[in-house]
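Taken in sequence, the protein lines are chains B and U. In terms of the numbering used here, the first sequence opens at residue 1 and continues consecutively. In terms of the numbering used here, the second sequence opens at residue 1001 and continues consecutively. We treat Cβ as the ideally placed atom computed from N, Cα and C, and that holds for glycine. All of these numbers come straight from a predicted model, not from anything done at the bench.
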Amino acid sequence: MSDWSRIAPQLADATGETLYMVAVSAALTVLLGIPLGVLLTVTAPDGLAPRRWTNRVLGLLVNLGRSLPFIILLVLVAPVTRGLVGTTIGSTAAIVPLTIGAVPFLARLVETSLREVSHGKVEAALAMGARRRQVVRTVLLPEALPSLVAGVTVTVVALISYSAMAGAIGGGGLGDFAIRFGYQQFRTDITLLTVVLLLVVVQALQFGGDTWARRLARR
Amino acid sequence: MIELNRVRKVFPGRRDAAEVVALDGVDLTVPAGDFAGVVGPSGSGKSTLIRLVNLLERPTSGSVAVAGRVLTDLPADQVRQARSSIGMVFQHFELMDSRTAAENVEHPLELTGVGRAERRRRSAELLDLVGLAERAGARPRQLSGGQKQRVAIARALAARPQVLLCDEATSALDQASTTGVLELLRRVRDELGLTVLLITHEMAVVKAVCDSAVLLEAGRVVDGGRLDDVLTRDDSPLAAALLPAPIADDRVAGTLLRVTVTETAPEAAVLRVLVGQLGLAVEVAGGSVETVAGGRHGRLLLRITDGDLSGLDTALQQLRAEGSKVERVAA
Ligand SMILES: Nc1ncnc2c1ncn2[C@@H]1O[C@H](COP(=O)(O)OP(=O)(O)O)[C@@H](O)[C@H]1O
Ligand SMILES: [Mg+2]
């Protein structure tokens, strides 16, 4: 155990990298995924503003994003990453594929949440003279909020697991750390420690998300 | 105030389902200040009809006018403006769970950009009007069905509409809440001078609150008029639906008479002749008399249990000549 003093700072760095990648990509995913989910919902044939072809194209893109294994996506979006970040290597570069992978995932969850808002409430707002964007802002989103929070939680947890693969492009993070120090150096204790650390992060997130969603739903 | 002109609504068939003619040439006029009802069996097109009034549903053909404006001719943004002056309440209340009672009442005002202070003032005033001032901070889930509908009524009135549409507003409520909500609707109509259009499948609701009503069957208006008028017409299907005639079958033996009771033709005249003049023994075999639209109306089945029937037919003729609605049931 003499090497702990050598490993501990690296472990701290790796944790920092994971949190950085997940936090930034989660923020971007929420920023992009919720509007995309709203678009999917309102352009649907039974939606507020049916747009057949827009809906089909968006649906196809979302399905494509969701069906690609993350490791493939990582490679495929490399040109985009270079364009946006200037490099395809490192934690910041990893944020691009992470976000691109998570946005379609969250968008579908958002769509499901918004669909659960009863049509009657939407009609009530329309009967008051609401514009479509007012229906989205004052009915769909607030009424679906508990379910949206749950969806965002699931997405962030998924981001943590995706981020473990960021090591493949030099993104660092806990996944990369577990492979380099645990797996490749036959240190099962380090692998286990990393797993426990990830579990703690995921549990904390899930617990926080569940509590928040429950509190919102009890309103 | 509300005028539907030759309105047809056809829902296109989906896949192998045939198209549905929900409304088949409906004319309907509701004068300002009237409390009008639309009754009919389930599937007769009532909901479709009321949803046409604020164009939640567009007619396939025909026109819809409210407060002198032909809504079916207006562009979308003006339809939206017109909607904010037509309040609507629903069977399942449709309150937002994410909002308190007061915030629900403020919702329509938010949409038209009314400032916060004014919204607060207005929602307090309206919750007071519907008797829920002390529940302003409650969430819908903390309210009973009757209370939810009161909040929904307050919300519908927030933007000071001239017209209030009620789609089966009491159908999800128990008897006591129904009575309370109907009384409230009547009261706000009187106090605010609203025009109310209410649809229901319950005849009791029409009898309790409406001034006038139409009977809808399979997408057509088959009968209608002011209730006090409709109920005096023997051949009116709406009157028959509102006050069903008692059944005269072989379980009630003997000489039977049908009497239609109205404000101008009370049963007293008939009884005076039968009992007082002819000395017959008479009992009520069935039927009821109720106060509807401010007058006594009903259908009675009388049975003559004893006495000399020889003068009966002449006496009945005389009664009818004097305005009574009485006839002998063929044996
Ligand atoms: N959106 C719709 N699409 C297809 N058919 C409909 C739709 N809404 C109503 N209908 C049909 O129109 C008819 C009248 O329905 P509705 O107005 O709801 O009747 P009511 O309210 O009297 O029960 C029914 O046959 C119903 O199935
Ligand atoms: Mg209905």
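Under the three-state DSSP convention, the category residue i falls into
i, result
"F1090/U", "coil"
"F186/B", "coil"
"A78/B", "helix"
"H1332/U", "Here chain U covers residues 1001 to 1331 and nothing more, so residue 1332/U does not appear."
"R964/U", "The structure shown has nothing for residue 964/U, since chain U only spans 1001 to 1331."
"I1304/U", "strand"
"R1121/U", "helix"
"L1332/U", "Outside the shown range of chain U, which is 1001 to 1331, sits residue 1332/U, and nothing can be said about it."
"D46/B", "coil"
"A130/B", "coil"
"G1062/U", "strand"
"N1005/U", "strand"
"A1036/U", "strand"
"V1114/U", "coil"
"T18/B", "helix"
"V139/B", "helix"
"A1281/U", "strand"
"E1290/U", "strand"
"R1155/U", "helix"
"E1057/U", "coil"
"R1186/U", "helix"
"D1097/U", "coil"
"G1146/U", "helix"
"D1167/U", "strand"
Cα-Cα separation between residue i and residue j, rounded to whole angstroms
i, j, result
"V195/B", "F186/B", "15 angstroms"
"R214/B", "P1041/U", "42 angstroms"
"L148/B", "S5/B", "42 angstroms"
"F207/B", "F105/B", "21 angstroms"
"Q1081/U", "L1302/U", "56 angstroms"
"P45/B", "R131/B", "18 angstroms"
"A12/B", "V152/B", "26 angstroms"
"L1319/U", "V1214/U", "31 angstroms"
"T1291/U", "S1171/U", "22 angstroms"
"L1101/U", "T211/B", "Note on residue identity: the sequence assigns Ala, not Leu, to residue 1101/U. Looking at the two C-alpha atoms, the distance is approximately 24 angstroms."
"G1013/U", "L1192/U", "42 angstroms"
"A1067/U", "T1029/U", "11 angstroms"
"R1119/U", "A1152/U", "16 angstroms"
"E1283/U", "L1274/U", "11 angstroms"
"L1165/U", "G1033/U", "13 angstroms"
"G1137/U", "R137/B", "22 angstroms"
"V200/B", "L145/B", "26 angstroms"
"G1311/U", "A1293/U", "36 angstroms"
"A1330/U", "R1141/U", "57 angstroms"
"A78/B", "L31/B", "22 angstroms"
Beta carbon of residue i nearer than 9 angstroms to that of residue j
i, j, result
"T1232/U", "A1253/U", "no"
"L1109/U", "S1123/U", "yes"
"D1027/U", "G1219/U", "no"
"L1055/U", "T1072/U", "yes"
"L1227/U", "L1242/U", "yes"
"L1111/U", "S1085/U", "no"
"G1113/U", "A1156/U", "no"
"G182/B", "I169/B", "no"
"A1169/U", "T1195/U", "no"
"A1309/U", "L1280/U", "First, the amino acid is wrong: residue 1309/U is Leu here, not Ala. Yes, the pair counts as a contact, with Cβ atoms nearer than the cut-off."
"E1334/U", "L1300/U", "A query on residue 1334/U cannot be resolved here, the shown segment of chain U reaching from 1001 to 1331 and no further."
"L36/B", "V62/B", "yes"
"G1295/U", "T1262/U", "yes"
"F1093/U", "L1185/U", "no"
"T29/B", "L159/B", "yes"
"R1008/U", "V1021/U", "yes"
"N1005/U", "S1063/U", "yes"
"G47/B", "T41/B", "yes"
"I1002/U", "V1079/U", "no"
CB contact check: residue i to chain C, cutoff 9 angstroms
i, result
"I1153/U", "Considering every chain present, this structure includes no chain C. Its protein chains are B and U."
Cβ-heavy atom distance, residue i to ligand 3, below 8 angstroms
i, result
"E1168/U", "Absence of ligand 3 from the depicted structure is noted, with ligand 1 and ligand 2 being the only ligands included."
Any alpha helix (DSSP H) of 4 or more consecutive residues that is wholly inside the segment 1208 to 1258 of chain U: Correct list: 1227 to 1230, 1237 to 1242.
Meets three-Cβ-pair contact criterion under 8 angstroms: the segment 1088 to 1095 of chain U and the segment 112 to 124 of chain B: Segments in contact, yes.
Cβ contact check for the segment 21 to 29 of chain B and the segment 90 to 102 of chain B: 3 or more pairs under 8 angstroms: Three or more beta-carbon pairs separated by less than 8 angstroms link the segment 21 to 29 of chain B to the segment 90 to 102 of chain B, which places the two stretches in contact.
At least 3 beta-carbon pairs within less than 8 angstroms: the segment 1144 to 1155 of chain U vs the segment 1176 to 1185 of chain U: Segments in contact, yes.
The segment 155 to 170 of chain B touching the segment 64 to 72 of chain B, judged by at least three CB pairs closer than 8 angstroms: Yes: at least three Cβ pairs fall under 8 angstroms.
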